[in-house]
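First residue of the sequence shown? That's 521 in the working numbering, and the numbers climb one at a time after it.
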Amino acid sequence: MTVKGLTYDTIFQQAPIGIAITYSSADDVNNNFVSINQIFQQITGRTKEELIKIGWIKITHPDDVEEDISNFNKLQSGEIKSYSMEKRYIKPDGSIVWVDMVVASLTLSDEHMNNQICLVQDITERKRLERELLESERSKSVLLSNLPGMAYKCNYDCHWTMQFVSAGCYQLTGYTSDDLLYNRRLSYNDIILPKYRETLRNEWERILGERLPFRYEYEIVTANGERKWVLEMGQGIYSELGDVEALEGIILDISDRKEIENNLRYNNEHDQWTGLYNRRYLENLLANDAELITTNKRALIGINLSAVQRLSLTYGFHYSQEVIKKVAKALSLLCTDKRKLFNTYENRFVFYIKDYRDKDELIVFCEEIDKTLGTIFAAEGLGSGIGIVEIDADNKHDVGQILKNLLNASEKAIYHINNSLGFCFFDKDMEAEIMREEDIIKELMLVESDESDGGLYLQYQPILDLKSNQICGFEALARLKSDKLGFVSPLEFIPLAEKTKLIIPIGQKIIIKAFGFLNRLRNCGYRGINMSINVSSIQLLREEFNRDLFDIIADMNVNPENVGLEITESLFVDNYQEINRILGELKSYGIRIAIDDFGTGYSSLARERELNISCLKIDKYFIDKLLLLKEEEAITGVIISMAHKLGHCVVAEGVEYEEQRLYLEKYKCDKIQGYLISKPLDEDAAIAILKEKNHI
Ligand code: C2E
Ligand code: MG
Ligand code: MG
C-alpha cells in the first residue's frame, strides 16, 4: 500500500462525517454502495452489508426520495457536478435521522465506472432546535396577534420609531401596524396626548438610567380622535457596552379600569348631592398648598347654614336638600380661578381664596356672599353665619385646626351677631375664648367624673317673704372654681354644660347637693324652708328626669313640698304640650315650678293660665326699671296683679334698694330676692342668716 493509499483509507475511516462511495449505471439509479465508512453506518443505523443490499432509495424518507432522485439524475447526466440537500434516513427501528448530504461525482481510476461520493452529517439535533424555535416563534406570533393591546419594539428616539408593531395596534389606536412602522404614516409620539409626551420621555430616561422596568399610564388619541387611557410596560434592550439599542414592551387599553377609577375618585372627592368638591378634597388641597413656598395670601370663608335643619323639620328633608342645591348653584357663580367652592358638610360651604390683597377684599366678598344668600333665604326667613380664617405660616400645617377655627368663627357669626346674616373673622381673641371654653369643659368633665364633684359647689341666696318678713326659702346657685381658672361664673359654664350635655349628670349632682343642704336645715329645725333649683330644658326634656328626681327625693327623704324648680320661658317655644305634661306630673307630686327671668322671654301672660306652674320670678330688668321710672309709669305692679289673677305667686329678683322693696310691698309682691336681703351664701352663712332673721 502506498502512502497516498494509506492516507486516503485513514481519512475515509476516521473522518468525523459519514462517507459512502457509490457507483451506478444509467439504468439503475438505486446504485450500489462500493465503500461505506463507520460513521455512515452509525448515522444510518445499518451495517455495510445491509446498506449494500438495500441501496439508498429504500432507506430515504419517502418525502425526500423524489428530490434526491431528481438531483442524482442531473448529477449522472453531467448537468451538475454536485448537489447538497437536507434529507431524512429511516433507521431500522423506524426512527428518523436528519442529515446534511453532499453528493458529488467522483472520477476514479476505473473509467468504466460512474462513481459518486456521498458525505453526510447528522443534523437531527439542529433540526429539532429549529423546529422548536419555529414553534416558539409561532406561539409568540399567536400571542402577539391576540394580545389585548400592542406589542412593539422601537428605537429610543424622539419619534419612538417602531421596528415592530403587533397586530393589536389597530384595535388600540385605529392605525395599522404599517402606518406606524418606521413612522410611515405617523410616529407613535404623534399618537400620545401632547401633555404626556414630556413626562413619558423623562420617565423612560429615568428607568433606563437605572435599568428598571418601565410602567406608565397615559392617554393617547386614536385615529378617530377619541382619547384612550393606556398602560405601557416595557424595558430597554442594551448593547454589550450598555448603550440602549431599542425599547420593547406592550401597550394595553385600560380605559375601562380608568373609568372605574375616575368614578371612584370623583365620588371620593365630591359631594354627591351638590357635585362640589368635598371636605376630604379641601383638606388634601390645604395640606399640599401648605408645602408650597409662597408669600401669597390664602384664606377660608366658611358658610354655615345649620339653620336649614329647621326647614327639614318643617317641610321635610327633600325640601331642605333642594334649598342646599340652590345655594350651591348660586355660590358657584361667585367662583373664579382664585376662589374655589367646597361643600364640606351637609349644610356647610367653604370658599378657598388665594392671592387676595387684604382683609377688606375678604369683607367685600363676604358681603357678596351675604347678598347671594339673602336672595335665597329671604323667602325662608333663615339665617346663616360666615366665618373667615386667614391662613398664615403659624397655622398652615394644622388643617384640622384651621377647619375647626373656621367652624367656630361661623358659629359665632350666627349666634353673636344680631343681624341675621353676618360674618366673623377668626382672631386671637376668639382663639383665647375657645381655649378657655375647652378648659372649662375639661373642668366640667372632671366634675362629672370626680366622686367629690371636682370644683363644683353651691351657694344659696335667701328669698324673703314680704308678708312675714322671714326667709321662706333659698335659691341654689351653682359655682365652679378651679386652680387654673379661678372662679367661673355660671353664666359662662352653664351654657357650656348644656352644649356638651354635661348638664345632665352635673344637674343631678346639684340637685343632690341642694337636697343635702335642705336636710341639714331640717336637722337644724328649719322644716318649712323651701329650696329652689334651676333646671335646664335639656334636663327637663329627658324622659327619665321626673322619675330620677322622684327617686332622689325618696332616697334622701326630702319633702317634695319644699322643692321648687326654676325653668326659663324659652322652654315653651317648642313642645308646649309636652312640657306642660311633664310639669303637671311634677306639680301633682307636690313640687312647685317657677318661671325664672319672667318678662324677658317669649311667653305671654295669656298662656300662663294654662301652664302647670305656681310662681313667676320677675326679672331684674323690671326691678331695675323701678329706679328710673316714676311709680305710675312702671308696669311692674301690673305684672304682679296679673300674675295674682292667674293664681301665681310672685317673686321679685335682683332687689338691691330699699325703694324697690317699698314699691314691691305696696304692689303686693309676695317675695323678694336680691342683694338687699343677701348675696348668695355658703351653707354656714345661710344658716347664720336664718338664725338672725327667722325665729324657730
Ligand atoms: P338666675 O336663676 O336668674 O339666678 C339669679 C342670678 O342673679 C344669680 O346669678 C344671682 O347671683 C344673681 N343675683 C341675685 N341677686 C342679685 C342682685 O341683687 N343683683 C345682681 N346684680 N345679681 C343678683 P348667678 O349665680 O351668677 O347665676 C346666673 C344664672 O346661672 C342663673 O340665673 C341661672 O340661670 C344659672 N344657674 C345658676 N345655677 C344654676 C344651676 O344650678 N342650674 C342651672 N341650670 N342654671 C344655673
Ligand atoms: Mg334662678
Ligand atoms: Mg333669674
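For each residue, glycine too, the CB sits at the ideal point set by N, CA and C.
Remember, it's a predicted structure, so these values are computed and weren't measured experimentally.
Of the candidates Tyr-716, Tyr-758 and Gln-755, Tyr-716 places its Cα closest to the Cα of Trp-749. The secondary-structure analysis by DSSP pairs Gly-669 across a beta bridge with Leu-772.
By the Cβ neighbour-count rule, Ala-996 is buried, with 16 or more other Cβ atoms within 10 Å of its own.
Proximity of the region 1077-1090 to the region 1032-1051 meets the contact definition, three or more beta-carbon pairs being nearer than 8 Å. Going by DSSP, Gly-894 is part of the alpha helix (DSSP H) stretching over 879-897. The alpha-carbon of Pro-1015 is positioned some 60 Å away from that of Arg-735. Around the beta-carbon of Trp-793, fewer than 16 other beta-carbon atoms lie within 10 Å, marking it exposed.
Under the three-state reduction of DSSP output, Arg-646 falls in the helix class.
DSSP assignment within the region 1068-1151 yields the following whole alpha helix (DSSP H) runs of 4 residues or more, N-terminal first: 1096-1108, 1125-1128 and 1140-1148.
Remark: C-beta atoms of Thr-580 and Lys-607 approach each other more closely than 8 Å.
For Tyr-758, the pairing in a beta bridge is given by DSSP as Val-764.
For Ile-991, the enclosing beta strand (DSSP E) begins and ends at 990-1002.
By the Cβ test, the region 820-830 is in contact with the region 926-937, since at least three Cβ pairs between them sit closer than 8 Å. Taking C-alpha positions only, Glu-599 is separated from Asn-593 by approximately 9 Å.
In this structure, Leu-1011 sits away from Ile-1192, with a CB-CB distance that is not shorter than 8 Å.
Of the heavy atoms belonging to ligand 1, at least one sits nearer than 7 Å to the Cβ of Ile-1030. Per DSSP, the beta bridge partners of Ile-541 are Ser-555 and Ile-637.
Between Met-682 and Tyr-695, the gap from beta carbon to beta carbon reaches 8 Å or more. For Ile-908, the enclosing beta strand (DSSP E) starts and ends at 904-911.
When Glu-737, Ile-1115 and Arg-704 are compared, the shortest CA-CA separation from Leu-713 is found for Glu-737.
Of the residues Gly-894, Phe-871 and Ala-898, the one whose Cα lies closest to the Cα of Glu-910 is Phe-871.
Not one heavy atom of ligand 1 is found less than 7 Å from the C-beta of Gly-1084.
Gln-981 has its alpha-carbon roughly 18 Å from the corresponding atom of Phe-1118.
Taking 8 Å as the cut-off, the Cβ atoms of Lys-962 and Ala-810 do not count as close. The alpha carbon of Glu-789 has as its nearest neighbour, out of Leu-595, Asp-776, Glu-779 and Glu-803, the alpha carbon of Glu-803. In the DSSP secondary-structure assignment, Gln-981 is bridged to Glu-995. Only exposed fits Val-662, as fewer than 16 other CB atoms lie within 10 angstroms of its CB. Secondary structure within the region 1016-1053: the alpha helix (DSSP H) runs of 4 or more consecutive residues, fully enclosed, are 1023-1043 (chain order). Taking each of Ile-539, Tyr-1141, Ile-991 and Cys-689 in turn and checking the Cα distance to Asp-620, the smallest one comes out for Ile-539.
If you look at Ala-848, you'll find it in the alpha helix (DSSP H) that goes 837-852. Separation of the CB atoms of Tyr-708 and Leu-720 is rounded to 10 Å, and the pair is thereby denied contact status at 8 Å.
At the C-beta level, Thr-892 and Leu-851 come within 8 Å of one another. Taking one beta carbon from each stretch, the region 970-984 and the region 954-961 have fewer than 3 pairs nearer than 8 Å; the two do not touch. With respect to Arg-799, Thr-864 sits close: the two C-beta atoms are nearer than 8 Å. With a cut-off of 7 Å, the C-beta of Glu-1173 is classified as near ligand 3, since at least one heavy atom of the ligand falls inside that distance.
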